[in-house]
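Sequential numbering from 68 applies to the sequence shown in the working numbering.
What follows is a single structure, written as structure tokens, with notes after it.
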Amino acid sequence: MWGTVWVRKRGLQALVYALPMEEGPYQPGMRVLVPLGRYNQPVIGLLVALLDTPPAIPHIKPILQRLDTQPLYDATALAFLDWIVKYYLATPGDVAYLALPGRVGGITDWLARWQAGIDSTALSPKKLYQALREKPEFYLRRTARQLHLPPKQLLKAVRSWARRGHLLLEAVVRQSVRRPPSLLEVAPPYREAATFQAAWNELPPQEAALFLRILQSNLRGEPLVYAHLLRSEGAPLQRLIKKKLVRRLPARTYYEQLYARPLQPYTLTPSQQRAFEALHQALAAKPWKPALLHGVTASGKTFIYLELMRHYLRQGHQVLYLLPEIALTKQTLDRLRSTFGEAMALYHSGLTESERFRTWKAVREEAVDVVVGTRSALFLPFPRLGLVIVDEEHDPSYGEKGRPPFYQARDAALYYAYLRQIPVVLGSATPSLETYTHARSGKYHYIPLPEKALPSLPPTLHIVDMRTELQEKLSTGVFSSVLRELLEACVQEGQQAILFRNRRGYAPMLVCSTCGHRWECPACAITLTYHKRTHRLLCHYCGHSEV
68 MWGTVWVRKR GLQALVYALP MEEGPYQPGM RVLVPLGRYN QPVIGLLVAL LDTPPAIPHI
128 KPILQRLDTQ PLYDATALAF LDWIVKYYLA TPGDVAYLAL PGRVGGITDW LARWQAGIDS
188 TALSPKKLYQ ALREKPEFYL RRTARQLHLP PKQLLKAVRS WARRGHLLLE AVVRQSVRRP
248 PSLLEVAPPY REAATFQAAW NELPPQEAAL FLRILQSNLR GEPLVYAHLL RSEGAPLQRL
308 IKKKLVRRLP ARTYYEQLYA RPLQPYTLTP SQQRAFEALH QALAAKPWKP ALLHGVTASG
368 KTFIYLELMR HYLRQGHQVL YLLPEIALTK QTLDRLRSTF GEAMALYHSG LTESERFRTW
428 KAVREEAVDV VVGTRSALFL PFPRLGLVIV DEEHDPSYGE KGRPPFYQAR DAALYYAYLR
488 QIPVVLGSAT PSLETYTHAR SGKYHYIPLP EKALPSLPPT LHIVDMRTEL QEKLSTGVFS
548 SVLRELLEAC VQEGQQAILF RNRRGYAPML VCSTCGHRWE CPACAITLTY HKRTHRLLCH
608 YCGHSEV
């Protein structure tokens, strides 16, 4: 019997290995330990298919070890992974990289054991043998790190000793035991604006900048890892800790403290209740049909998601809640953590490898019911997934552009839900054109939510004619008299203001202060941007330029 294996290595195609049946039955979806490359380095792969006949290959290597007794991924999940490979023209190695986080199953290594009756005079290099002879057995990766040697150099020497019978080499998977990282937070006495400002004013520039950076990371819900910051900001960081302005906390304590304050219970407004009932009824009638929740900004889509999630959790399902970026959604995370507590887990690229593995394992072992994550959370091994929510479905961050596989997580979620015949809800205040078209044409359920949760007035807009300002000498620069008065009032009241300005080029346009004429591109009918360095007017659409 033979099997097709996807090894967790970017750019690698599917590989075929022989299955040693004495280890027991193999099933697609199991993890296996296989030899890879010239040196037969042990690596973890995913068994995706069984073959009755071998391919026309002269020599097929055997699988070294079966790592699971039951499949981690069922047939539907494997079909989804295969679709990612084919639809997005990805390699199996790239997809396996997403499906199997770095520490799934432990660290692959070689275990070397000395044999009896060694002739030490025949061993070279002598210095290496003397460094290793006191150890009855040793792991190659760990030992290479301790001796400050390249792993390949140590492996070459150990292999030569093994061929002569001095050593016995065995491919193993050893568990990695790492303590959770320490995170940094501003000490409690300095979390108020007044006390923080007073302490910040007394600090030298380097410490002040770092103190502000840590506060900003805490406010965003993005804690800084102590070990990472120590490498670049060691001295000022240690001084802040010594002054008791900043403190270290274990990751678990930090998150428990972050979400310890329960939020007030929320009751759906009449419009939200109507939208929830319409969504619930639509999904109950046709669960395989996607739904678009089209709600204006601040309409309370999150609360409708929560009600829907509670319904599916009561039925014993797991829920996947996809967000475009974790960093921008602290309020949503606060509400979710307050609602679901320990039953919720995070999964995104900002977590350490160990943290991602813990979530991966918790999902597989059904220790968590709700996963909130970015696009990579789609590849977690859910045993009983019953609902997928894609919030802000229009966001371009759902498209992977950095490294393969280059997939679109929203579209992938739609196909995954179709394979599992489970509901998927897309939410947005400004849905993408294709999603809105599908919803209005009846291909998707369409649930409008046109009212805001709380009555509020839209911001007041002022359009100022700068020609009048300049002619009447109300303004002599780029600021209008209205803007200047508002800024002065803002400063006098101790408030802050933000000015947005397009900084591409020295000025976005060139305007005559007498007649108001603007220089425009003859081809594109847009204003030409003035670049001071080259003293030219440039169109950023077609490249037309004028002196």
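Glycine included, each C-beta is placed from N, C-alpha and C at the ideal position.
Computed from a predicted model, the values in this text were never measured in an experiment.
Cβ neighbours of Leu663 in the same chain (closer than 6 Å, five flanking residues each side left out): Coverage of the chain is limited to positions 68 through 614, which leaves residue 663 absent and any answer about it impossible.
Cα separation between Pro448 and Tyr106? The residue labelled residue 448 in the question sits at position 381 within the sequence shown. The residue labelled residue 106 in the question sits at position 39 within the sequence shown. Rounded to the nearest angstrom, the two C-alpha atoms are 31 Å apart.
On a CA-only basis, which of Ala358, Leu277, Cys591, Thr497 is nearest Leu304? Give me that one, please. Reading the sequence shown from its first residue, position 237 is the one you call residue 304. If we check each option's Cα against that of Leu304, Leu277 comes out closest.
Name the DSSP bridge partner or partners of Thr175? Taking the sequence shown and counting its residues from 1, one reaches residue 175 at position 108. DSSP, once it has assigned bridges, lists Val240 as partnering Thr175.
Closest Cα partner of Met576 within the set Ile565, His607, His384, Ala349: The count along the sequence shown starts at 1 and reaches residue 576 at position 509. Measuring from the Cα of Met576, the nearest candidate turns out to be His607.
Three-state secondary structure (DSSP) at Ile371? Locating residue 371 in the sequence shown gives position 304, counting from the first residue. Reduced to three states, the DSSP call for Ile371 is helix.
Let me know if Ala327 comes out buried or exposed under the rule of 16 or more other beta-carbons within 10 Å of its beta-carbon. Along the sequence shown, read from residue 1 onward, the residue named residue 327 stands at position 260. Note on Ala327: pLDDT 49, under 50, position unreliable in the model; the coordinate value appears next. Result: exposed.
Nearest-angstrom Cα distance between Leu118 and Ile456? Within the sequence shown, numbered from 1, the residue matching residue 118 stands at position 51. Within the sequence shown, numbered from 1, the residue matching residue 456 stands at position 389. Rounded to the nearest angstrom, the two C-alpha atoms are 37 Å apart.
Taking the straight line between their C-alpha atoms, what separation do you get for Leu454 and Gln220? As a working mapping, residue 454 is identified with position 387 in the sequence shown. As a working mapping, residue 220 is identified with position 153 in the sequence shown. Going by the C-alpha atoms only, they are around 50 Å apart.
Can you tell me whether Ile456 is helix, strand or coil according to DSSP? Taking the sequence shown and counting its residues from 1, one reaches residue 456 at position 389. Three-state DSSP puts Ile456 in a strand.
Quick check: what's the CA-CA separation for Leu279 versus Leu307? Counted from its first residue, the sequence shown places residue 279 at position 212. Counted from its first residue, the sequence shown places residue 307 at position 240. Cα-Cα distance, rounded: 11 Å.
Please work out which residues of its chain come closer than 6 Å, Cβ to Cβ, to Leu195, disregarding the five sequence neighbours upstream and downstream, and give them in chain order. In the sequence shown, counting from the first residue as 1, residue 195 sits at position 128. Within the same chain, Leu195 has close Cβ partners Ala224.
Give the range of the alpha helix (DSSP H) segment to which Ile393 is assigned. As a position in the sequence shown, residue 393 is number 326, starting the count at 1. Here Ile393 belongs to no alpha helix (DSSP H), and DSSP marks it neither H nor E.
Taking the CB atoms as reference points, tell me whether His378 and Arg451 lie closer together than 8 Å. The sequence position of residue 378 within the sequence shown is 311, counting from 1. The sequence position of residue 451 within the sequence shown is 384, counting from 1. Going by C-beta atoms, His378 is not nearer than 8 Å to Arg451.
Between the region 309-319 and the region 251-258, are three or more C-beta pairs nearer than 8 Å? The answer is yes - the region 251-258 touches the region 309-319, with three or more Cβ pairs under 8 Å.
Give a yes or no on whether the C-beta atoms belonging to Ser416 and Thr441 are separated by under 8 Å. Mapped onto the sequence shown, residue 416 falls at position 349. Mapped onto the sequence shown, residue 441 falls at position 374. Closer than 8 Å, so yes.
Decide if Ala266 is buried, meaning its Cβ has at least 16 other Cβ atoms within 10 Å, or exposed. Within the sequence shown, residue 266 is the residue found at index 199, counting from 1. Ala266 comes out buried.
Any idea what DSSP makes of Trp69, helix, strand or coil? Counting from one through the sequence shown, the residue named residue 69 turns up at place 2. Strand at Trp69.
For the region 140-147 against the region 475-494, are there 3 or more C-beta pairs whose distance is under 8 Å? With the cut-off at 8 Å, the region 140-147 and the region 475-494 touch.
Integer Cβ distance of Asp699 from Leu380, believed to fall under 8 Å: Outside the shown range of the chain (68 to 614) lies residue 699, about which nothing can therefore be said.
Would you check if the region 525-545 and the region 483-503 touch, i.e. whether three or more CB-CB distances between them fall below 8 Å? no
Quick check on DSSP: helix, strand or coil for Glu501? Within the sequence shown, numbered from 1, the residue matching residue 501 stands at position 434. Three-state DSSP puts Glu501 in a helix.
Return the chain-ordered list of same chain residues with a C-beta closer than 7 Å to the C-beta of Leu207, the five sequence neighbours on each side being excluded. Numbered from its first residue, the sequence shown carries residue 207 at position 140. Excluding residues within five positions, the ones whose Cβ falls inside 7 Å are Asp176, Trp177, Ala179, Pro218, Leu221, Leu222, Val225.
Within 10 angstroms of its Cβ, does Thr334 collect 16 or more other Cβ (buried), or is it exposed? The residue given as residue 334 occupies position 267 in the sequence shown. Per the 10 Å Cβ criterion, exposed.
Classify His584 as helix, strand or coil using the three-state DSSP reduction. Position 517 of the sequence shown, counted from the first residue, corresponds to residue 584. DSSP places His584 in coil when its eight states are reduced to three.
Would you call Val292 buried or exposed, if buried means 16 or more other Cβ atoms sit within 10 Å of its Cβ? Counted from its first residue, the sequence shown places residue 292 at position 225. So Val292 ends up on the exposed side.
Let me know the alpha helix (DSSP H) ranges lying completely inside the region 406-450, each 4 residues or longer, listed in chain order. 420-431
If you reduce the DSSP assignment to three classes, tell me which class Pro129 lands in. Numbered from its first residue, the sequence shown carries residue 129 at position 62. Strand, per DSSP.
Could you name the residues of the same chain whose beta carbon sits closer than 7 Å to that of Val74, not counting the 5 residues immediately before and after it, in chain order? By 1-based counting over the sequence shown, the position of residue 74 is 7. Counting only Cβ-Cβ distances below 7 Å, and skipping sequence neighbours, we find Leu82, Val101, Leu103, Val110, Gly112, Gly160, Ala163.
According to the neighbour-count rule (16 or more other Cβ atoms, all chains shown, within 10 Å of its Cβ), is Lys599 buried or exposed? Numbered from its first residue, the sequence shown carries residue 599 at position 532. Per the 10 Å Cβ criterion, exposed.
Mapping DSSP to helix, strand and coil, what is Arg315? Position 248 of the sequence shown holds residue 315. Correct three-state label for Arg315: strand.
Taking 7 Å as the cut-off, does the CB of Tyr84 come closer than this to any heavy atom belonging to the ligand SAH? Summarising the ligand content, the structure contains no ligands, and the ligand SAH is consequently not present.
Using only the alpha-carbon positions, how far apart do Arg98 and Leu139 sit? Along the sequence shown, one-based indexing puts residue 98 at 31. Along the sequence shown, one-based indexing puts residue 139 at 72. When rounded, the distance between both Cα atoms is 8 Å.
Distance, Ala556 Cα to Pro589 Cα: What you label residue 589 is simply residue 522 of the sequence shown in a count that begins at 1. What you label residue 556 is simply residue 489 of the sequence shown in a count that begins at 1. When rounded, the distance between both Cα atoms is 42 Å.
Taking the C-alpha atoms as reference points, what is the distance between Arg77 and Thr158? Within the sequence shown, the letter at position 10 stands for residue 77. Within the sequence shown, the letter at position 91 stands for residue 158. So the two alpha carbons sit approximately 8 Å from each other.
Going by C-alpha distance, which of Met533, Leu445, Ala479 is nearest Tyr154? Mapped onto the sequence shown, residue 154 falls at position 87. Of the candidates Met533, Leu445, Ala479, the one whose C-alpha sits nearest the C-alpha of Tyr154 is Ala479.
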